[in-house]
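Residue numbers (our numbering): 1107 to 1373.
Written as structure tokens, this is what we have:
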């Protein structure tokens, strides 16, 4: 169990604000954290990782990561962190990137097999595509079998089909290792495909949390999705691993980002 009660002064997109999170996460849950840019999401992950200071407490099972007397350094917290920009060692091969974290060739082999990277094990990571690099980053984060996996918009730079593929692999790894996961995302397909619970953050505070259907059942906010195909006045878009058709005006083009209403979409 992850027990969080933290506060930190921030300067966000709307000026000074207070990061304040007081909540509990059950072991093995998958949380998707949503909110506008500058609302404190990345800072919150960095506090959990021990990369930034904060006041309050973080308890993980029977271990104290943060309280008024100590702040456990990142290397002593059993976490994995997946960044949007991969953060790989460019002078190393795929396999070397994993083994640098933990010298466990059996685990490295298993992770590469699960993410379909076995054939690329000896290749330098600079020669990989974006999707392949992000899979390596995910594998590397799992090399310590982390108690807590943190992901900061890891799929946002990838094309829609690659995002779907990596969603499946993230879910597979999450359940295989029983990891508690907190992932920042703005993509509704990721929310529906991955989340046990959703947290919506605004101005440093979690203003709403619950199961996906609870949080969005009455939500009429607009969300941006990419137009994959057009037929007359119908656009095909991707949500939750499914292709949906929505009505659009005649000026809409393939590849355009459009806003749709979440309310009424089947879960």
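For glycine and all other residues, C-beta sits at the position ideal for the given N, C-alpha and C.
Computed from a predicted structure; not experimentally measured.
Open item on the list: Spatial neighbours of residue 1241 within its chain, please: C-beta separation below 8 Å, excluding the five flanking residues on both sides.
Closed with: Around residue 1241: 1221, 1222, 1223, 1272, 1275.
Task: residue 1330 (DSSP reduced to helix, strand or coil) - done: The answer is strand: DSSP assigns residue 1330 an E or B state.
Task: Exposure of residue 1246, with buried meaning 16 or more beta-carbon neighbours within 10 Å - done: Result: buried.
Task: Best match in 1318, 1171, 1334, 1283 for proximity to residue 1297 [C-alpha to C-alpha] - done: 1318 is the residue among 1318, 1171, 1334, 1283 whose C-alpha sits nearest the C-alpha of residue 1297.
Open item on the list: Which same chain residues end up closer than 6 Å to residue 1140 when comparing Cβ atoms and leaving out the 5 residues on each side of it in sequence?
Closed with: Excluding positions up to five away in sequence, the list reads 1306.
- [ ] For residue 1373, count neighbouring C-beta atoms within 10 Å of its own C-beta (all shown protein chains included) and say buried if the count is 16 or more, exposed if not.
- [x] With a pLDDT of 35 at residue 1373, under the threshold of 50, the modelled position of that residue is not reliable, and the figure given next carries that caveat. Flag for residue 1373 reads exposed.
Open item on the list: In whole angstroms, give me the CA-to-CA distance for residue 1117 and residue 1146.
Closed with: Those two C-alpha atoms are separated by around 9 Å.
Open item on the list: For residue 1260, tell me which candidate among 1121, 1267, 1244, 1266 has the shortest Cα-Cα distance.
Closed with: Measuring from the Cα of residue 1260, the nearest candidate turns out to be 1244.
Task: Whole-angstrom distance between residue 1148 and residue 1256, CA atom to CA atom - done: Approximately 10 Å between the Cα atoms of the pair.
Task: For residue 1350, the residue or residues it bridges with in DSSP - done: Answer is 1343.
Open item on the list: Taking the alpha carbon of residue 1171 as the reference point, which residue from 1110, 1238, 1343, 1201 has its own alpha carbon closest?
Closed with: Proximity to residue 1171 across 1110, 1238, 1343, 1201 peaks at 1110, based on C-alpha coordinates.
TODO: Go to residue 1280, then tell me how far its beta strand (DSSP E) extends in each direction, as first and last residue.
DONE: That residue, residue 1280, is in no beta strand (DSSP E); its alpha helix (DSSP H) goes 1266-1283.
Open item on the list: Let's see if you can read the secondary structure: which residues bound the beta strand (DSSP E) around residue 1307?
Closed with: Run containing residue 1307: 1303-1308, per the beta strand (DSSP E) assignment.
Open item on the list: Per the DSSP calculation, residue 1430 is bridged to which residue(s)?
Closed with: The chain is shown from 1107 up to 1373; residue 1430 falls before or after that span and cannot be answered.
Open item on the list: For residue 1355 and residue 1248, what's the separation of their Cα atoms in angstroms?
Closed with: If you draw a straight line from the Cα of residue 1355 to the Cα of residue 1248, it comes to about 45 Å.
Open item on the list: Helix, strand or coil for residue 1162? Go by DSSP, reduced to three states.
Closed with: Reduced to three states, the DSSP call for residue 1162 is strand.
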